[in-house]
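Asks: Just passing along the structure, written as structure tokens.
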Amino acid sequence: PQETISLVAFNNEDEAYYLCAMVNSSSFQYAAISYSQAGGKSMGSPHVLENIRIPTFDPKNKFHIHLAELSIKAHQDRAKLKDIEEEIDQISAQIWRLTKEELKEIKLCLKELR
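Residue numbers for the sequence shown follow my numbering, so the first one is 1 and each next one is one higher.
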């Protein structure tokens, strides 16, 4: 991989699904768009993961486990994807200690940026 792809090693599938959920959450997407040049080749660069903090997966954390489960569902059930993504946004916002108002504002800003 070069500057447009990041590879991340995992110890287990739950850890991988957790990261997928966090990276695809609206909060992370907003931070990535704000941090990186939109449409540029740096969007998938490793420095994005170095500069946008994602808490390390903790198999004892109920939120982390729930996100991994939701990520699995998102990969399997396209018919319910919007609802699953909404729940991922809610749980990931709690992990980042964002208020409901802050998440709402992030989603509005993200919609404008897209």
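Cβ coordinates follow ideal geometry from the N, Cα and C atoms, glycine included.
Check whether the Cβ atoms of D14 and I54 sit closer than 8 Å, and answer yes or no.
Replies: The answer is no: Cβ separation not under 8 Å.
Asks: Going by beta carbon distance, what residues of the same chain come within less than 8 Å of L98, once the five residues before and after it are set aside?
Replies: So the qualifying residues of the chain are S27, I106.
Asks: What is the DSSP secondary structure of R114, counted as helix, strand or coil?
Replies: In the structure shown, R114 sits in coil (DSSP, three-state: anything other than H, G, I, E or B).
Asks: Helix, strand or coil: how does DSSP classify S45 here?
Replies: In the structure shown, S45 sits in coil (DSSP, three-state: anything other than H, G, I, E or B).
Asks: Are there 16 or more other CB atoms within 10 angstroms of the CB of A79, so buried, or fewer, so exposed?
Replies: When all chains shown are included, A79 counts as exposed.
Asks: In three-state terms, what does DSSP make of S6?
Replies: In this structure, S6 counts as coil in the three-state DSSP scheme.
Asks: Determine, using beta carbons only, whether F57 and I95 come nearer to each other than 8 Å.
Replies: Not closer than 8 Å, so no.
Asks: Compare the C-alpha of K104 against each of C20, I5, Y30 and name the closest.
Replies: Nearest C-alpha to K104: Y30.
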